[in-house]
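S.K.:
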Amino acid sequence: MKLGLFPKEIDFFEIFDMAASNLTKAASLFFNLVHVENFNNIDIKTKDIYECEQEGDILTHEIIKKLNKTFVTPIDREDLYTLASRLDDVLDLIWAAAERLMVFKIKEPTKEVTEMAKDLLMTTEVVQKAIKKLKEKKYSHVQEYCIEINRLENRIDRTFRDALGKLFEDVDEIKDCVFIIKWKEIYEHLEDASDRCEDVANALEAIVLKNA
């Protein structure tokens with residue numbers, strides 16, 4: 001899809017499907033980036049993630065524009081807006097984490113960032129599946145996927161806590177403090193992205209409760 005070009009009669013669900021697919025693509029690019037064997041050409045690889053973030057902004061804008069022009073929506077207007085905003089938040093945070101890898105001139109990824117990125121990718125894949133089932137009005141499946149999103153969010157939280165604990169072990173030198181500051185911020189962006197995925201799940205569950 002060329003950025004910014006939409007068929008005139010495209011519906012909300014199609015745009016959400018595109019947004020979820022774009023989110024999964026960004027999470028996949030980030031996960032592939034933070035493998036030791038792939039951790040090279042950081043500028044080029046982060047640019048690919050930035051392009052996903054830009055496309056996500058366009059898709060979010062398209063949803064909001066359509067909301068403002070549509071008198072009757074298939075789902076409550078505020079629920080559509082919340083869902084679009086939370087999806088965009090996840091994408092922004094993935095891009096922020098990728099950008100920090102470049103700005104902080106990280107030399108190699110940690111085991112923990114790879115683990116968090118893997119689980120975050122899995123979460124976005126489940127989000128994408130849930131949105132497809134929402135379009136099909138298979139609400140029981142949407143609820144099952146929301147439970148899985150929450151489970152993965154809890155797992156990422158545990159990895160985040162373990163990663164912070166490891167960072168603060170045996171800090172003796174100033175260079176260790178700089179290392180901590182860099183990685184703490186990157187971990188926090190990924191953990192926040194996971195939290196926003198849980199917000200997506202909450203938005204989806206609210207939609208299901210109103211429409212099932």
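Taking my numbering, I'd label the letters of the sequence shown as residues 1 to 212. Quick reminder that beta carbons are idealized off the backbone N, C-alpha and C, glycines included. Note that this is a predicted model, so its numbers are computed, not measured.
Runs of 4 residues minimum, wholly inside the segment 70 to 121: which ones carry the alpha helix (DSSP H) assignment?
M.R.: Correct list: 77 to 103.
S.K.: Taking the CB atoms as reference points, tell me whether K184 and L204 lie closer together than 9 Å.
M.R.: Mapped onto the sequence shown, residue 184 falls at position 184. Mapped onto the sequence shown, residue 204 falls at position 204. Not closer than 9 Å, so no.
S.K.: For H189, count neighbouring C-beta atoms within 10 Å of its own C-beta (all shown protein chains included) and say buried if the count is 16 or more, exposed if not.
M.R.: In the sequence shown, counting from the first residue as 1, residue 189 sits at position 189. By the neighbour-count rule (16 or more Cβ atoms within 10 Å), H189 is buried.
S.K.: Report the rounded CA-to-CA distance for Y187 versus A163, giving the unit in angstroms.
M.R.: By 1-based counting over the sequence shown, the position of residue 187 is 187. By 1-based counting over the sequence shown, the position of residue 163 is 163. Approximately 8 Å between the Cα atoms of the pair.
S.K.: Sorted by chain position, which residues of the same chain lie with C-beta nearer than 6 Å to L134's C-beta, five sequence neighbours on each side aside?
M.R.: Residue numbering aside, residue 134 sits at position 134 when the sequence shown is read from its first letter. Closer than 6 Å at Cβ, skipping near neighbours: V142.
S.K.: Taking 8 Å as the threshold, find out whether the segment 88 to 100 comes into contact with the segment 17 to 32 through three or more Cβ pairs.
M.R.: The answer is yes - the segment 17 to 32 touches the segment 88 to 100, with three or more Cβ pairs under 8 Å.
S.K.: What is the DSSP secondary structure of V178, reduced to helix, strand or coil?
M.R.: Taking the sequence shown and counting its residues from 1, the one referred to as residue 178 is at position 178. Of the three classes helix, strand and coil, the one that applies to V178 here is helix, per DSSP.
S.K.: For V34 and Y139, which I take to be in contact (beta-carbon distance under 8 Å), what is that distance rounded to the nearest angstrom?
M.R.: Stepping through the sequence shown from its first residue, residue 34 is reached at position 34. Stepping through the sequence shown from its first residue, residue 139 is reached at position 139. Contact doesn't hold; Cβ gap of about 35 Å is too wide.
S.K.: Are the beta-carbon atoms of I106 and A84 separated by less than 9 Å?
M.R.: Within the sequence shown, residue 106 is the residue found at index 106, counting from 1. Within the sequence shown, residue 84 is the residue found at index 84, counting from 1. Cβ distance not < 9 Å, so I106 and A84 don't count as in contact.
S.K.: When DSSP labels each residue in this structure, what does V127 get in the three-state scheme?
M.R.: Your numbering for residue 127 matches position 127 in the sequence shown. Helix at V127.
S.K.: For N150, which residues of its own chain have a beta-carbon under 7 Å away from its beta-carbon, when the five flanking residues on both sides are left out?
M.R.: Within the sequence shown, the letter at position 150 stands for residue 150. Within the same chain, N150 has close Cβ partners E198 and A201.
S.K.: Exposed or buried, what is V178 when buried is set at 16 or more other beta-carbons lying within 10 Å of its beta-carbon?
M.R.: The count along the sequence shown starts at 1 and reaches residue 178 at position 178. Under this definition V178 is an exposed residue.
S.K.: Given a cut-off of 9 Å, decide if F12 and T82 are closer than it, judged by their beta-carbon atoms.
M.R.: In the sequence shown, counting from the first residue as 1, residue 82 sits at position 82. In the sequence shown, counting from the first residue as 1, residue 12 sits at position 12. Not closer than 9 Å, so no.
S.K.: In this structure, does DSSP put A212 in helix, strand or coil?
M.R.: Translated into positions along the sequence shown, residue 212 becomes position 212. If DSSP states are grouped into helix, strand and coil, A212 belongs with coil.
S.K.: Using 9 Å as the threshold, is the C-beta distance between E115 and T46 below it?
M.R.: Residue 115 sits at position 115 when you count from the first residue of the sequence shown. Residue 46 sits at position 46 when you count from the first residue of the sequence shown. Cβ atoms of E115 and T46: not closer than 9 Å.
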